[in-house]
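Undergrad: Below is one structure. I have some questions about it.
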Amino acid sequence: MRRLITAVLAAGAVVLTGAGPAMAAPLQGEIVHSEIVRMSDHSAITVSFTEWPIHALQSLDFTFEPTGGIDGRAGLVTVVSPSGDRQGLKGIVLQRRGDSIVLPRHPRAPQVWGLDVVSLPEEGTWQFEFAVEGPGGISTGVLPIRTIEQPGPPLALSWTVALTPWAPVALLVATGWRRTRRLRRGATHTWSG
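Mind the numbering: the sequence shown is residues -24 to -1, 1 to 169 in mature numbering (1 follows the signal peptide of the UniProt record, and there is no 0), read in order.
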């Protein structure tokens, strides 16, 4: 028994130490589209995307690079959904100031701010409202982004097709439960200790 436990622990250690971290390739070659947003102080912020056109519910990365870099600055973005919700990206667990998301450094491109693996859940025109705080004060800008319909079939159809193979399993479990229920009811609970 000791040998089995030792072998299992050794195999687990080899798998954990041999496997690299779950990380995608560098972001630089993945950028497929960029937009330049003119800010209120006549500077600019370049917003880049890893997918274009953007589909609703499609995962992508955003990067945000103000003119002059991000050192000594703080960036905020308020994402307004097509339905008018000022917390359009509620599922993102990042530091917030009111409705705004404090822009973090992108995990794979630390020289810029970014949002890693995000999806816009609604079809329509989204508003990205930027505020960049720097030595010269606060500058603001807005970028409208249009998302088109989600790729693939509707979600209800996708889930139905995905769960259909599990229907026989559910029937087997229900049948087994019914059959053993009779046995369980007939069994007497006695102490044999």
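Backbone N, C-alpha and C fix where the C-beta goes; we use that ideal spot for every residue, glycine too.
1) Report the residue ranges of all alpha helix (DSSP H) runs contained in full by the segment 63 to 139; include only those spanning at least 4 residues, in chain order.
2) Just checking my contact of residue 117 with residue 14 at CB under 8 angstroms: how many whole Å lie between their CB atoms?
3) Which two residues bound the contiguous beta strand (DSSP E) that contains residue 20?
4) Output needed for residue 91: all residues of its chain with C-beta closer than 6 angstroms, excluding positions within five of it in sequence on either side, in chain order.
5) For residue 36, which residues from the same chain have a beta carbon less than 8 angstroms from its beta carbon, with the 5 sequence-adjacent residues on both sides left out?
6) Can you confirm whether the segment 61 to 70 touches the segment 114 to 133 when touching is taken to mean that 3 or more C-beta pairs between the two stretches lie within less than 8 angstroms?
7) Taking only beta-carbon atoms, is residue 8 less than 8 angstroms away from chain C?
8) Please list the terminal residues of the continuous alpha helix (DSSP H) segment that includes residue 144.
9) According to DSSP, is residue 43 part of a helix, a strand, or is it coil?
TA: Per the coordinate set shown:
1) 131 to 139
2) 6 angstroms
3) 20 to 25
4) 38
5) 25, 26, 27, 30, 93, 94 and 95
6) no
7) Checking the listed chains, one finds no chain C in this structure; it contains a single protein chain.
8) 143 to 162
9) coil
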